[in-house]
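Input: a single structure, listed below in structure tokens.
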Amino acid sequence: MEAFEAFVEQGGIVEVDDDMPDDYRRAVFAFIEMHANSELMGGLTERDWIPRTPGLRHKMAVLAKTQDEIGHGHLLYMVASDMGCKSRREMLEDLFAGESRFHNVFHYRAKTWGDQVAISFLVDAAALASQQAVFKNCSYGPYRGS
């Protein structure tokens, strides 16, 4: 364990097939699973606005954003499932059964198009800021590169 911690502290990058302590594996997996769940839930909340979005250009933008968010979620589920803790199917089943977590902002529904735009902007800006730091400093290679 001490050698692993020293490796990580010195900037070492852990790859999926590397030996890693179970605590590290579980912690990284839980973080990536929550990120994947949040991407999927973000896409699902965006999806609700496609038919209600004013104008064709806005509809096309929301459709593209929805597809993008759900695609990010699926990529992250693949990264998480490679860790061997749960399969992609198990993660999705846990999400839909309410047994796994996602960012709480997705528990709130926007009532108007203006609310949706504001919430989307704030959530995306916060995610961009936090994810840049995580990806830059993450010791788990497959997540760092996602």
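Residue 0 is where the sequence shown starts when you use numbering that gives the first Met the number 0, and the numbers rise one by one after that.
Beta carbons: idealized from backbone N, C-alpha and C, even for Gly.
Because the structure is a prediction, the values reported are computed rather than measured.
Ordered along the chain, which non-local residues of its own chain (more than five positions away) have a Cβ less than 7 Å from that of residue i?
| i | result |
| --- | --- |
| Arg-100 | Met-33, Asn-36 |
| Thr-44 | Phe-105 |
| Gly-78 | Note that residue 78 corresponds to Val in the displayed sequence, not to Gly. Here the set comprises Ile-31, Pro-141, Tyr-142, Ser-145. |
| Arg-88 | none |
Residues in its own chain within less than 6 Å of residue i by CB, not counting five upstream and five downstream?
| i | result |
| --- | --- |
| Ser-86 | Ser-80 |
| Glu-14 | Gly-140 |
Would residue i be called buried (16 or more neighbouring beta carbons within 10 Å of its own) or exposed?
| i | result |
| --- | --- |
| Met-59 | exposed |
| Phe-28 | buried |
How is the alpha helix (DSSP H) around residue i delimited, first residue to last?
| i | result |
| --- | --- |
| Met-77 | 55-80 |
| Met-0 | No alpha helix (DSSP H) contains Met-0, which DSSP labels as neither H nor E. |
| Gly-97 | Premise fails: Gly-97 is in no alpha helix (DSSP H) and is neither H nor E. |
Taking the Cβ atom as the reference point for each residue, do residue i and residue j lie within a distance shorter than 8 Å?
| i | j | result |
| --- | --- | --- |
| Pro-11 | Ser-138 | Strictly speaking, residue 11 in this sequence is Gly, with Pro absent from that position. Yes, these two residues count as a Cβ contact at 8 Å. |
| Arg-46 | Cys-84 | no |
Excluding the 5 residues preceding and the 5 following residue i in the sequence, name in chain order all residues of the same chain whose CB lies nearer than 8 Å to its CB.
| i | result |
| --- | --- |
| Ile-49 | Lys-58, Val-61, Leu-62, Thr-65 |
| Glu-38 | Glu-68, Ile-69, His-71, Gly-72, Leu-75 |
| Asp-21 | none |
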